[in-house]
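Residue numbers (our numbering), protein chains in the order written: chain A, 152 to 267; chain B, 70 to 179.
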């Protein structure tokens with residue numbers, strides 16, 4: 152299957168700072184990328200959907216000014232957690248979808264964010 | 070998208086076939102059954118999907134009942150590396166939102 156990477160794989164930051172997470176589709180063009188969040192012992196929750204070149208669509212309850220999503224190219228999307236707080240500590244996972252990837256949704260390995 | 074029901078957990082013997090059930094009684098005619106799994110602290114991995122017919126790939130087989138209200142994912146020879154949370158998801162192909170339920174925590178026992 153197609154490969155999706157995330158960087159960094161884990162990050163620790165201080166409360167009040169911003170953190171950027173990158174999601175890349177390595178061998179196909181991702182017209183749509185999704186960002187999920189997963190708290191310990193819970194399932195994945197969709198945060199937002201982004202189409203290349205368009206503004207992201209956020210799920211209800213997700214603050215768009217806090218979780219900035221950019222999808223400027225067909226292979227890269229970024230999620231910036233602004234003014235991070237300890238409650239933002241979570242496992243952030245992206246997925247990518249595109250015709251050249253076989254129309255399946257492929258997931259990145261995830262980024263573990265810890266806010267101290 | 071239709072809702073699915075899975076057992077919260079199950080144990081399987083290493084080397085034996087593992088049969089993972091899923092109920093989706095409200096599935097619509099144009100909705101596919103998808104299976105993903107998530108190994109601890111990793112991103113989900115696509116396994117297989119199907120509409121009506123049974124499907125098989127290198128990872129697993131998917132058996133869908135004739136009325137499409139339930140399905141079974143079969144791991145033919147379970148290994149310890151198959152220990153994971155397995156998610157059964159129903160969705161319309163082309164609508165690429167994936168709604169993850171709680172899944173089925175499968176533990177393969179030596």
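Glycine included, each C-beta is placed from N, C-alpha and C at the ideal position. Note that the structure is predicted; figures quoted are calculated from it, not measured.
Chain-ordered chain B contacts of residue i [CB-CB under 9 Å]
i, result
"residue 180 (chain A)", "In chain order: nothing, as chain B lies at least about 15 Å away."
Contact set between residue i and chain B, taken where Cβ atoms lie within less than 7 Å
i, result
"residue 259 (chain A)", "112"
"residue 248 (chain A)", "165"
Distance between residue j and residue i (C-alpha atoms, nearest Å)
i, j, result
"residue 127 (chain B)", "residue 229 (chain A)", "33 Å"
"residue 155 (chain B)", "residue 175 (chain B)", "7 Å"
"residue 195 (chain A)", "residue 84 (chain B)", "30 Å"
"residue 124 (chain B)", "residue 89 (chain B)", "15 Å"
"residue 246 (chain A)", "residue 178 (chain B)", "31 Å"
"residue 186 (chain A)", "residue 153 (chain B)", "21 Å"
"residue 155 (chain A)", "residue 262 (chain A)", "12 Å"
"residue 176 (chain A)", "residue 201 (chain A)", "14 Å"
"residue 157 (chain B)", "residue 183 (chain A)", "22 Å"
"residue 165 (chain B)", "residue 97 (chain B)", "16 Å"
"residue 153 (chain A)", "residue 191 (chain A)", "27 Å"
"residue 159 (chain B)", "residue 141 (chain B)", "13 Å"
Cross-chain neighbours of residue i in chain A, by beta carbon under 9 Å
i, result
"residue 115 (chain B)", "152, 255, 256, 257, 258"
Contact list for residue i against chain B, beta-carbon separation under 8 Å
i, result
"residue 183 (chain A)", "165"
"residue 244 (chain A)", "112, 113"
Cβ neighbour criterion (16 or more within 10 Å) applied to residue i
i, result
"residue 133 (chain B)", "buried"
"residue 122 (chain B)", "exposed"
"residue 223 (chain A)", "exposed"
"residue 87 (chain B)", "buried"
"residue 80 (chain B)", "exposed"
"residue 106 (chain B)", "buried"
"residue 76 (chain B)", "exposed"
"residue 204 (chain A)", "exposed"
Beta carbon proximity, residue i to chain C, threshold 8 Å
i, result
"residue 160 (chain B)", "Within the model displayed, chain C is absent; protein chains A and B are what it includes."
Checklist line | Secondary structure, beta strand (DSSP E): runs of 3+ residues fully inside the segment 191-267 of chain A | finding: 196-202, 218-224, 227-232, 241-248, 256-258, 262-266
Checklist line | alpha helix (DSSP H) runs wholly inside the segment 78-140 of chain B, at least 4 long, in chain order | finding: none
Margin query: Output needed in chain order: residues of the segment 188-202 of chain A with a Cβ under 9 Å from some Cβ in chain B.
Written below: 189, 193, 194, 195, 196, 197, 200
Checklist line | Contact residues within the segment 162-178 of chain B, judged by C-beta distance below 7 Å to chain A | finding: 165, 166, 167, 169, 170, 171, 172
Margin query: Restricting to runs no shorter than 3 residues, where is the beta strand (DSSP E) found entirely within the segment 160-189 of chain A?
Written below: 161-164, 170-176, 183-189
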